[in-house]
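Trainee:
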Amino acid sequence: MPKTTVNITGVSLCQKKGIIRIFRSTIKELGDPRYIRFLFNPEKKTLAVQSVSRKEAECFRVPKYNPKDWDFKICSIQMLRIIWRVCEWNENDTYRIAGTHYPEYNLVEFNLNQARIVQFGEIE
Numbered sequence: 000m001p002k003t004t005v006n007i008t009g010v011s012l013c014q015k016k017g018i019i020r021i022f023r024s025t026i027k028e029l030g031d032p033r034y035i036r037f038l039f040n041p042e043k044k045t046l047a048v049q050s051v052s053r054k055e056a057e058c059f060r061v062p063k064y065n066p067k068d069w070d071f072k073i074c075s076i077q078m079l080r081i082i083w084r085v086c087e088w089n090e091n092d093t094y095r096i097a098g099t100h101y102p103e104y105n106l107v108e109f110n111l112n113q114a115r116i117v118q119f120g121e122i123e
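Here the sequence shown stands for residues 0 to 123, where the numbers follow numbering that gives the first Met the number 0.
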């Protein structure tokens, strides 16, 4: 079964593998920054990816774009455990969330209440 490609401003979260995958469209929306950081609000159940101009604590370097095999995965088991606990998600499922770009804050925000489970055969 061929994998379905997606072109949404989004992320996928997989606690089982301990991976946060940031979609290329999200990075493009942020203007191809060199670094990003996560902002998590447990009360609102939102996760944001914010572009950062220089390396700071808790930042991640964005890999240089390569159209053949670009992939941006971040391993953050501790953060994923917190998100799963707050959202009360099934730990065996992978979730995809579409985001909203807020250019004035250099971030894309993801409402975790709108997460949907990734089905077998779909791209995470």
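From the three backbone atoms N, C-alpha and C, an ideal C-beta is built for every residue, glycine too. These numbers were taken from a predicted model, which means no experiment stands behind them.
Is DSSP giving T4 helix, strand or coil here?
Mentor: Bear in mind that the predicted position of T4 carries a pLDDT of just 45, short of 50, making it unreliable; the figure below should be weighed with that in mind. Reduced to three states, the DSSP call for T4 is coil.
Trainee: What are the boundary residues of the alpha helix (DSSP H) that S50 is part of?
Mentor: Element bounds for S50: not the alpha helix (DSSP H) but the beta strand (DSSP E), T45 to V51.
Trainee: Would you be able to state if there are at least three C-beta pairs under 8 Å between the segment 81 to 96 and the segment 57 to 66?
Mentor: Not touching, per the Cβ criterion.
Trainee: Quick check on the burial criterion: 16 or more other C-beta atoms within 10 angstroms. Buried or exposed for E103?
Mentor: exposed
Trainee: Under three-state DSSP, which class holds Y34?
Mentor: In the structure shown, Y34 sits in a strand (DSSP, three-state: E or B).
Trainee: Under DSSP, the alpha helix (DSSP H) around L29 begins and ends at which residues?
Mentor: Per DSSP, L29 belongs to no alpha helix (DSSP H) and is neither H nor E.
Trainee: Do the CB positions of I116 and F71 come within less than 9 Å of each other?
Mentor: no
Trainee: Give, in chain order, every unbroken run of the alpha helix (DSSP H) that is at least 4 residues long and sits entirely within the segment 39 to 122.
Mentor: 76 to 86
Trainee: Suppose you measure from the CA of K44 to the CA of C86; what does that come to, to the nearest Å?
Mentor: One Cα belongs to K44, the other to C86, and the distance between them is close to 7 Å.
Trainee: Quick check on G17: does DSSP put it in helix, strand or coil?
Mentor: Looking at G17 - three-state DSSP - the assignment turns out to be coil, as it is neither helix nor strand.
Trainee: Can you say whether Q14 is buried or exposed, counting buried as having 16 or more other CB atoms within 10 angstroms of its CB?
Mentor: buried
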